[in-house]
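From first to last, the protein sequence lines are chains A and B.
Taking this note's numbering, the leading residue of the first sequence gets -13, the next gets one more, and so forth.
Taking this note's numbering, the leading residue of the second sequence gets 14, the next gets one more, and so forth.
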Amino acid sequence: DSGVTQTPKHLITATGQRVTLRCSPRSGDLSVYWYQQSLDQGLQFLIQYYNGEERAKGNILERFSAQQFPDLHSELNLSSLELGDSALYFCASSPSEGAGEQFFGPGTRLTVL
Amino acid sequence: AQSVAQPEDQVNVAEGNPLTVKCTYSVSGNPYLFWYVQYPNRGLQFLLKYITGDNLVKGSYGFEAEFNKSQTSFHLKKPSALVSDSALYFCAVRDIPYNQGGKLIFGQGTELSVKP
């Protein structure tokens, strides 16, 4: 158990809908990262927050947004969902922005029908 | 831009034999390299990292990795494979510059299958 929690574990929804994925980092970790894992794209970085501020963006779609709250938990919002958004979404955390490892949560499996 | 490549989609070994999962990298500057393992329906588990220092890095579950700067490689190794090592293995490089976001860039993954 990495100490990173994600809810929900599974999410099934329809095209055009909006969903919110939640992540609680390890106690004391200030950085939160979101990744998407799909069969065709592999593991792709989406976005990073550090102590409430956005720090880096990857190939995140405009329909996706995220934020990190004062208690350091983070939410990833996905809107106008398309079939191709079906994937595993991982949250990871690390104490700082340094060169150390990131600790991954169990993921949220999103299925868009 | 930083990148990693895992040239083998799948590696098959017999239990008790040594295993190697290959990774090559391309970075500008000093590399920060990682290995993660993913079991079915689970998140990624950290195995080991190379930041600086000894070229042979020891990690969890008996795994180790050898950093080779001249060959730009960071191969994962284990002297004696177990059936329970069967999983998906990812090599990753930490994006730089330091303190301006630290996203991981992953290879495509290598499926390791250890047969009894």
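Yeah, the Cβ is synthetic: ideal placement off N, Cα and C, and Gly gets one too.
Tell me the rounded alpha-carbon separation between residue i and residue j.
{"i": "residue 79 of chain B", "j": "residue 116 of chain B", "result": "22 Å"}
{"i": "residue 9 of chain A", "j": "residue 52 of chain B", "result": "20 Å"}
{"i": "residue 98 of chain B", "j": "residue 56 of chain A", "result": "39 Å"}
{"i": "residue 100 of chain B", "j": "residue 55 of chain B", "result": "10 Å"}
{"i": "residue 106 of chain B", "j": "residue 66 of chain A", "result": "32 Å"}
{"i": "residue 29 of chain A", "j": "residue 73 of chain A", "result": "10 Å"}
{"i": "residue 84 of chain B", "j": "residue 16 of chain B", "result": "14 Å"}
{"i": "residue 20 of chain B", "j": "residue 41 of chain A", "result": "31 Å"}
{"i": "residue 71 of chain B", "j": "residue 13 of chain A", "result": "26 Å"}
{"i": "residue 84 of chain A", "j": "residue 64 of chain B", "result": "11 Å"}
{"i": "residue 71 of chain A", "j": "residue 19 of chain A", "result": "18 Å"}
{"i": "residue 4 of chain A", "j": "residue -6 of chain A", "result": "14 Å"}
{"i": "residue 48 of chain A", "j": "residue 69 of chain B", "result": "42 Å"}
{"i": "residue 73 of chain B", "j": "residue 86 of chain A", "result": "16 Å"}
{"i": "residue 35 of chain B", "j": "residue 121 of chain B", "result": "12 Å"}
Output yes if chain B places a C-beta closer than 8 Å to the C-beta of residue i; else output no.
{"i": "residue 68 of chain A", "result": "no"}
{"i": "residue 17 of chain A", "result": "yes"}
{"i": "residue 29 of chain A", "result": "yes"}
{"i": "residue 92 of chain A", "result": "yes"}
{"i": "residue 42 of chain A", "result": "yes"}
{"i": "residue 76 of chain A", "result": "yes"}
{"i": "residue 51 of chain A", "result": "no"}
{"i": "residue 83 of chain A", "result": "yes"}
{"i": "residue 61 of chain A", "result": "no"}
{"i": "residue 3 of chain A", "result": "no"}
{"i": "residue 65 of chain A", "result": "no"}
{"i": "residue 88 of chain A", "result": "yes"}
Let me see if you follow: with CB-CB separation under 8 Å, is residue i close to chain A or not?
{"i": "residue 19 of chain B", "result": "no"}
{"i": "residue 82 of chain B", "result": "no"}
{"i": "residue 62 of chain B", "result": "yes"}
{"i": "residue 121 of chain B", "result": "yes"}
{"i": "residue 76 of chain B", "result": "no"}
{"i": "residue 116 of chain B", "result": "yes"}
{"i": "residue 56 of chain B", "result": "yes"}
Could you give the DSSP three-state label for residue i: helix, strand or coil?
{"i": "residue 73 of chain B", "result": "helix"}
{"i": "residue 5 of chain A", "result": "strand"}
{"i": "residue 69 of chain A", "result": "helix"}
{"i": "residue 50 of chain A", "result": "strand"}
{"i": "residue 23 of chain A", "result": "strand"}
{"i": "residue 12 of chain A", "result": "coil"}
{"i": "residue 86 of chain A", "result": "coil"}
{"i": "residue 76 of chain A", "result": "strand"}
{"i": "residue 28 of chain A", "result": "strand"}
{"i": "residue 60 of chain A", "result": "strand"}
{"i": "residue 18 of chain B", "result": "strand"}
{"i": "residue 98 of chain A", "result": "strand"}
Does the Cβ of residue i lie closer than 7 Å to at least one heavy atom of the ligand SAH?
{"i": "residue 48 of chain A", "result": "The ligand SAH is not among the ligands present in this structure, which contains no ligands whatsoever."}
Confirm, please, whether the CB-CB distance from residue j to residue i is below 8 Å.
{"i": "residue 32 of chain B", "j": "residue 90 of chain B", "result": "yes"}
{"i": "residue 43 of chain B", "j": "residue 128 of chain B", "result": "no"}
{"i": "residue 54 of chain A", "j": "residue 75 of chain A", "result": "no"}
{"i": "residue 11 of chain A", "j": "residue 79 of chain A", "result": "yes"}
{"i": "residue 95 of chain B", "j": "residue 76 of chain B", "result": "no"}
{"i": "residue 99 of chain A", "j": "residue 61 of chain A", "result": "no"}
{"i": "residue 32 of chain A", "j": "residue 23 of chain A", "result": "no"}
{"i": "residue 90 of chain A", "j": "residue -11 of chain A", "result": "no"}
{"i": "residue 1 of chain A", "j": "residue 96 of chain A", "result": "no"}
{"i": "residue 49 of chain B", "j": "residue 87 of chain B", "result": "no"}
Would you say residue i reaches chain C, if we count a Cβ-Cβ gap shorter than 8 Å as a contact?
{"i": "residue 87 of chain B", "result": "In the structure shown, chain C does not exist; the protein chains are A and B."}
**Prompt:** In chain order, which continuous runs of the beta strand (DSSP E) of length 3 or greater are located wholly inside the stretch 45 to 109 of chain B?
**Reply:** Listed in chain order, they are 46 to 51, 57 to 63, 69 to 71, 77 to 81, 86 to 91, 100 to 107.
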